[in-house]
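In our numbering, the protein residues as written are 84 to 708. Don't be surprised by glycine CBs; every beta carbon is placed ideally from N, CA and C. The structure under discussion appears below in the form of structure tokens.
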């Protein structure tokens with residue numbers, strides 16, 4: 084099972100003699116399937132970084148040669164430029180040029196003058212660059228572990244950390260002379276920061292890598308949860324150099340909603356005081372446990388067209404993926420990305436923004452929660468010609484957190500076709516983005532019309548019919564904080580027919596708006612007008628016209644906040660006490676079970692605060708950290 088690491092892995096493996104050690108992070112696994120490139124520029128490159136702590140451990144040792152593996156020999160003049168440096172942008176300590184005779188084979192660089200590690204360096208980089216055609220993949224990794232701050236690649240003029248790209252480590256090996264055996268581990272980064280609910284089992288799997296040169300036989304795991312510390316001893320082990328080891332934590336108390344701070348430290352490796360560098364032995368994470376009845380839905384937006392020959396099959400692929408995933412998914416179909424048709428609205432064209440920056444648009448396609456899964460696409464949109472593409476994107480989006488809950492109310496006057504919409508959004512935690520937006524879509528099911536390769540009487544469902552807000556991107560909200568509740572209302576009139584913004588045949592592009600087949604879809608997510616990868620949706624919900632839907636997790640002791648009270652009061656926490664700025668007559672604090680508690684020295688957790696100001700009252704969920 085692959086693990087994602089927090090810092091250096093696979094350091095110090097034997098290289099030929101007992102006094103020479105090959106330092107680097109990569110397994111010695113060379114596979115053509117692991118080649119790749121970053122960006123659109125001809126210049127490509129990779130480098131590995133050694134931290135100050137690791138260099139201190141190697142103080143006095145000399146670097147005399149390095150070996151590099153590249154994915155292609157078709158560079159300019161079949162050459163790569165290699166370097167040893169303290170920065171990726173400054174003047175190198177040493178540099179050279181190597182001829183690449185074969186791809187996927189180690190190329191050796193012997194330094195003209197061996198470099199002695201002083202231990203004073205902030206860091207050291209060893210890497211290569213080359214010019215190569217855009218059809219070739221020069222870069223290569225071992226696809227093992229992502230290691231934060233240790234592997235870099237050149238991307239359109241900038242060196243970037245490849246951490247988070249699921250590439251593992253660059254195939255770069257550095258020889259250090261006269262390095263003695265020693266014990267060292269690097270704690271691995273498990274994905275602790277997930278979506279957890281109170282009352283449900285939470286299994287965390289810390290891991291580490293033996294980055295020393297000796298076999299590990301024992302260690303202690305020190306686990307601290309909100310200040311309560313326990314120690315687990317592991318013995319009779321045989322963890323060889325470069326091997327990883329993981330263990331499960333399943334006995335966490337998840338009965339309470341709210342934030343939990345967790346620290347895991349690997350200590351006493353092979354006994355006390357055997358490890359010289361313990362700077363990278365700890366992992367810290369903050370978990371948030373949502374209410375037991377928390378409900379979250381994923382928003383799947385498809386891109387389709389009546390004239391697209393593969394879209395009928397794409398619809399089936401999406402349906403199969405949704406069924407297999409067992410996730411709660413709300414669908415919306417945008418008729419864009421291919422030829423406009425009788426359903427295409429202006430906003431549908433706006434959402435082409437989410438396609439990758441190069442290669443144009445295509446259909447069938449889909450995006451889930453507007454979340455980018457880098458393993459499949461450089462943007463939120465993936466091709467829906469494969470069920471697995473869509474399914475993998477669903478699973479990846481499901482690992483994100485919902486942050487908010489919805490209460491969506493709609494009232495419909497069928498005779499006048501007047502629709503009143505009211506949405507309340509309750510924030511459980513601070514939003515991850517400074518800018519958030521919420522929006523409300525109109526969608527319609529059961530429209531009978533043609534579809535290429537599916538006949539003239541194909542049923543089009545989840546069809547996007549416009550927005551309630553009148554804006555493709557919705558309403559902006561800045562700095563969403565835990566406990567805040569937003570209320571927004573609007574009244575619109577549903578026309579008897581909805582006119583396509585783009586289809587030119589006036590006899591066909593007026594689609595009857597059947598009220599009983601229509602719904603409102605509300606969502607909230609992050610927003611960045613310049614970057615289509617920063618629009619991840621937090622949560623969403625759906626209600627048929629004239630009906631309402633309150634999500635599980637929208638736990639408020641009173642039905643509706645009075646806007647006047649909310650606007651004149653500032654409610655916040657200071658030193659474990661709820662404080663209010665503004666004129667008010669009564670303040671009450673309740674736990675999530677509904678019992679009133681004393682407003683002093685409040686323990687960490689989530690509370691309901693009720694404030695009465697004159698004839699108005701406001702109720703707010705607030706987090707005590």
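Across the structure, residue 604 and residue 505 are spaced so that their CA atoms are roughly 12 Å apart.
Annotated three-state conformation of residue 344 is strand, per DSSP. Cβ-Cβ separation between residue 653 and residue 663: approximately 7 Å, consistent with a contact (criterion under 8 Å).
Rounded to whole angstroms, the gap between the alpha carbons of residue 117 and residue 134 is 26 Å. 159 is the residue among 195, 159, 112, 113 whose C-alpha sits nearest the C-alpha of residue 125.
Distances from the CA of residue 467 to each of 401, 423, 240 were compared; the closest alpha carbon is that of 401. For residue 583, there is no enclosing alpha helix (DSSP H), as DSSP marks it with neither H nor E.
Nearest Cα to residue 469 within the set 404, 558, 190: 404. Excluding its 5 nearest sequence neighbours in each direction, residue 156 has C-beta neighbours in its own chain below 8 Å: 183, 184, 185, 186, listed in chain order. Excluding residues up to 5 positions away in sequence, 287, 345, 366, 368, 370 lie with their Cβ nearer than 8 Å to the Cβ of residue 275 in the same chain.
Closest in alpha carbon position to residue 540, among 420, 171, 297, 529, is 529. Taking each of 242, 284, 193 in turn and checking the Cα distance to residue 260, the smallest one comes out for 193. DSSP places residue 433 within a helical segment (H, G or I) once states are collapsed to three. The C-beta separation of residue 578 from residue 555 comes to about 19 Å, leaving the pair out of contact by the 8 Å criterion. In this structure, DSSP gives residue 496 an extended state, which the three-state scheme calls strand.
Annotation: the continuous beta strand (DSSP E) that includes residue 147 extends over 145-151. Where residue 136 is concerned, the enclosing alpha helix (DSSP H) starts and stops at 135-140. Each residue's CA atom was taken as its position, placing residue 351 and residue 143 some 26 Å apart.
Residue nearest to residue 104 within the set 146, 319, 683 is 146 (criterion: CA-CA distance). The residues 487, 488, 568, 637, 639, 704, in chain order, have a CB closer than 7 Å to that of residue 509 in the same chain once the five nearest residues on each side in sequence are set aside. In the three-state reduction of the DSSP assignment, residue 160 falls in the helix class, which pools H, G and I. Residue nearest to residue 277 within the set 342, 315, 263, 217 is 342 (criterion: CA-CA distance).
Close CB contacts of residue 150 within its chain, under the 7 Å cut and outside five residues either way in sequence, are with 189, 190, 191, 256 (chain order). Residue 421 is positioned such that its CB atom lies closer than 8 Å to that of residue 446. For residue 125, no alpha helix (DSSP H) run applies, since DSSP gives it neither H nor E.
The segment 542-561 makes no contact with the segment 624-635; the number of CB pairs closer than 8 Å stays below 3. In this structure, DSSP gives residue 408 a helical state, which the three-state scheme calls helix. Inclusion of residue 586 and residue 425 in the CB contact set at 8 Å is warranted, their separation being smaller than that value. When the alpha-carbon of residue 395 is set against those of 434, 582, 535, the nearest one is in 535. Ranked by Cα distance from residue 483, the first of 409, 455, 497, 443 is 455. Excluding residues up to 5 positions away in sequence, 229 lie with their Cβ nearer than 7 Å to the Cβ of residue 247 in the same chain.
Note on geometry: alpha-carbon atoms of residue 281 and residue 380 lie some 18 Å from one another. Taken atom to atom, the span from the alpha-carbon of residue 234 to that of residue 433 is near 37 Å.
Ranking 335, 268, 295 by CA distance to the CA of residue 285 puts 335 first.
Going by beta carbons, residue 576 and residue 627 fall outside the 8 Å limit.
In the three-state scheme derived from DSSP, where H, G and I count as helix and E and B as strand, residue 551 is classed as coil.
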